[in-house]
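With the numbering used here applied, the sequence shown corresponds to residues 107 to 238, in that order.
Notes follow the structure.
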Amino acid sequence: MCESFLGSWKLVSSENFESYMKELGVGFATRKLGSLAKPSVIISTNDDIITIKTESSFKNTEISFKLGEEFEEMTADDRKTKSIITLDNGSLIHVQKWDGKETTIKRKLVDSKLVVEYTMNNITCTRVYERA
Numbered sequence: 107m108c109e110s111f112l113g114s115w116k117l118v119s120s121e122n123f124e125s126y127m128k129e130l131g132v133g134f135a136t137r138k139l140g141s142l143a144k145p146s147v148i149i150s151t152n153d154d155i156i157t158i159k160t161e162s163s164f165k166n167t168e169i170s171f172k173l174g175e176e177f178e179e180m181t182a183d184d185r186k187t188k189s190i191i192t193l194d195n196g197s198l199i200h201v202q203k204w205d206g207k208e209t210t211i212k213r214k215l216v217d218s219k220l221v222v223e224y225t226m227n228n229i230t231c232t233r234v235y236e237r238a
């Protein structure tokens with residue numbers, strides 16, 4: 107299923123994250139703190155439930171879900187979203203919807219790194235993680 111994503115990951119590079127947060131509607135102070143955070147991501151499974159934990163000095167979040175099933179998510183910036191995550195051509199595609207808005211988070215493996223692409227409207231952010 108998505109065994110290759112399992113494990114602990116640490117952020118090694120981030121491009122355009124503050125612009126992405128601004129597009130989401132995140133306030134100035136939270137954007138500044140969020141940009142400074144260097145999160146770790148832990149991906150695990152228990153049967154068919156996948157858990158993604160994100161931990162940083164700024165905020166910790168955790169989501170647990172089944173592929174293809176909608177769930178409610180409270181994001182790190184306190185948006186309450188309806189989310190769904192699917193596996194498409196080896197990538198985890200995470201769609202969040204709230205208040206008539208939508209953003210997509212694509213997680214894929216490239217050269218043994220976890221590459222996460224965040225897209226909203228015409229703004230894209232790329233964050234790269236290596237195994238911890």
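For glycine and all other residues, C-beta sits at the position ideal for the given N, C-alpha and C.
Tell me whether residue i sits in a helix, a strand or coil according to DSSP, three-state version.
i       : result
Arg-137 : helix
Glu-109 : helix
Leu-130 : helix
Glu-124 : helix
Arg-233 : strand
Lys-172 : coil
Asn-228 : coil
Arg-185 : coil
Asp-194 : strand
Asn-152 : strand
Ser-218 : coil
For residue i, does the count of other Cβ atoms within 10 angstroms reach 16, so buried, or fall short, so exposed?
i       : result
Thr-210 : exposed
Ser-110 : exposed
Met-180 : exposed
Ile-155 : exposed
Glu-168 : exposed
Arg-237 : exposed
Ser-170 : exposed
Ser-119 : exposed
Within the same chain, show all residues whose beta-carbon is closer than 7 Å to that of residue i, passing over the 5 residues directly before and after it, in chain order.
i       : result
Ser-141 : Phe-123, Glu-124
Leu-112 : Ile-149, Ser-150, Thr-151
Lys-219 : Val-234, Tyr-235, Glu-236
DSSP has residue i in a bridge; who is on the other side?
i       : result
Glu-161 : Ser-146
For my contact list, residue i and residue j are in at a C-beta cut-off of 8 Å; report their separation, rounded to the angstrom.
i       : j       : result
Pro-145 : Leu-173 : The pair is not a contact, with the Cβ atoms about 23 Å apart (cut-off 8 Å).
Asp-183 : Leu-130 : 6 Å
Ser-114 : Ala-143 : Contact flag wrong, Cβ pair sits at about 16 Å.
Excluding sequence positions up to five away, which residues of its chain have a Cβ less than 6 Å from the Cβ of residue i?
i       : result
Arg-213 : Leu-198, Val-222
Lys-159 : Ile-148, Glu-168
Only counting the same chain, and skipping five residues up and downstream in sequence, which positions put a Cβ closer than 8 Å to that of residue i?
i       : result
Glu-175 : Ile-190
Glu-208 : Val-201, Gln-202, Met-226
Glu-178 : Lys-186, Thr-187, Lys-188, Ser-189
Leu-215 : Ser-110, Phe-111, Gly-196, Val-221
Trp-204 : Arg-185, Lys-186, Thr-187, Lys-188
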